[in-house]
Each structure stands twice: as C-alpha cells, then as structure tokens.
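Using the working numbering, the letters of the sequence shown map in sequence onto residues 932 to 1107. Glycine included, each C-beta is placed from N, C-alpha and C at the ideal position. Note that this is a predicted model, so its numbers are computed, not measured.
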Amino acid sequence: MEYFVHVDGERLRVELDGSRLVVEDEAMEADLAPDGRTPVRSVRLDSRSLAVLPRRTGRGTWILDTGSGPREVAVMDRGQEAILQARKAAGGGGPAPLKAPMPGLVVKVEVEVGQEVAPGDGVVIVEAMKMENELRAEAAARVTRIHAVEGEAVDRDTVLVEFEPLDAGEGEEADA
C-alpha cells in the first residue's frame, strides 16, 4: 500500500507491504506493537527500536511523541495526495494560514483539528502589549493543523493555525 506522509513540511513517499516498509527509496523491516497497558507503542525499524506515543487529532492526522517532543504527522493515500497536489497546482492550496500579527503570548486556542469555522469565528487569542487580541477565521474552512500552544510566546508572522477549504456544500445548512 502506498502512502504520503507529511511531517515538518517534508513530504515522504511510503510503501507498506506486511512488515516491509520503504520510505522514499530506503527499505527496512518494521514492526509496531503495544507496549504493555499504556497507549505507548513500540516501533522497530530494522535493528532500531523506539517508543512512540501516538494521539489521533483528525482524519489522517496524528501527534507522535518519541520523547524528543511532539511532531504533527499527516498521512494520505494516493487519492488524497493527488487532490492536495491538484489544489496546489491550481493555486487553490486553500485558505491562508492564520499568522500572529505581532509578537505576543498565546492565551487560548479556541479550535480543534477537524473543526469547521465560519468567517469571523474566534480561532486563537494572543496577548500583545497587555491587550488580548482574538484572531478570527477569514473564510469558511476546516482546521487541519494547530501550531499555537497556550502559554507559548510567538513572533510576528508565526503560523498559528492551518486550514483546508470545505468541500462544496459542507458547512452550509440545507434550505427547508
């Protein structure tokens, strides 16, 4: 089975056939197993082994923590990847990401991955110059990634939240 994995802005082509894993052109044996009664999974890649704490955040999106800090990962099949690439090629990569307008402190994240937002909906509250500023969605969209962490300082133009467009008809109420 072929997948495309997006992590830290990098796109990786991954093939999985039983316990054989090919990442780009590097083949390896892989095994994933529960680690006792905890949500931690033991991952073996050839002779390397690591503990991973996975947390699903949406359809095809996960936060994976290997002890060196959490990383957001998006996994797409061939069809999903083709749609994403077509949107990018057409210049329709989706709604612009929400960026910090100035340096400040993230006070509150008001959305979750997978949540649909409408224009004007509150997304993130950032405190700057002793004032709280609610940053709002500019378009109808679905939240795909949240980079903002409550209590963390951000610089101007730091991407806080990423979105994808809603499919035709989504987010609209049917006329009665």
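Leaving aside the five residues before and after residue 953 along the sequence, list all residues of the same chain whose C-beta is less than 6 Å from its C-beta, in chain order. Within the same chain, residue 953 has close Cβ partners 946.
By a C-beta neighbour count over all protein chains shown, 10 Å radius and 16 as the cutoff for buried, is residue 997 buried or exposed? Counting the other CB atoms within 10 Å of its CB gives residue 997 a total below 16, which places it among the exposed residues.
Return the Cβ separation of residue 936 and residue 1029 in integer angstroms, given the expectation that the two are a contact with Cβ distance under 8 Å. At roughly 24 Å, the Cβ-Cβ gap does not stay under 8 Å, so residue 936 and residue 1029 are not in contact.
Does any C-beta atom of chain D lie closer than 7 Å to the C-beta of residue 1093? Of the protein chains in the structure, only one exists, and it is not chain D.
Residue 1038: which of 1017, 1016, 1094 and 1057 sits nearest, CA to CA? Checking every option, the nearest Cα to that of residue 1038 belongs to 1057.
Here's the rule: buried if 16 or more other CB atoms are within 10 angstroms of the residue's CB, otherwise exposed. What is residue 1035? Under this definition residue 1035 is a buried residue.
For a minimum of 3 consecutive residues, which ranges assigned as the beta strand (DSSP E) are wholly contained in the segment 1010-1058? Listed in chain order, they are 1035-1040.
If we count the other Cβ atoms within 10 Å of its Cβ and call it buried at 16 or more, is residue 1066 buried or exposed? Counting Cβ neighbours within 10 Å, residue 1066 comes out buried, since at least 16 surround it.
Rounded to whole angstroms, what's the CA-CA distance from residue 1052 to residue 1095? Just pull it up for me. When rounded, the distance between both Cα atoms is 15 Å.
In its own chain, which residues sit with a C-beta less than 8 Å from the C-beta of residue 1097, not counting the 5 before and 5 after it? Counting only residues of its own chain and dropping the five nearest sequence neighbours on each side, residue 1097 has a CB closer than 8 Å to the CB of 1047, 1071, 1072 and 1073.
Secondary structure of residue 1075, DSSP reduced to three states: Strand.
Rounded C-alpha distance that separates residue 1084 from residue 1007: Those two C-alpha atoms are separated by around 31 Å.
Tell me, to the nearest whole angstrom, how far the beta carbon of residue 1002 is from that of residue 995; I am working on the premise that it is less than 8 Å. Indeed, because the Cβ distance is near 5 Å, the residues count as touching under 8 Å.
Given a cut-off of 7 Å, decide if residue 950 and residue 962 are closer than it, judged by their beta-carbon atoms. The beta carbons of residue 962 and residue 950 sit closer together than 7 Å.
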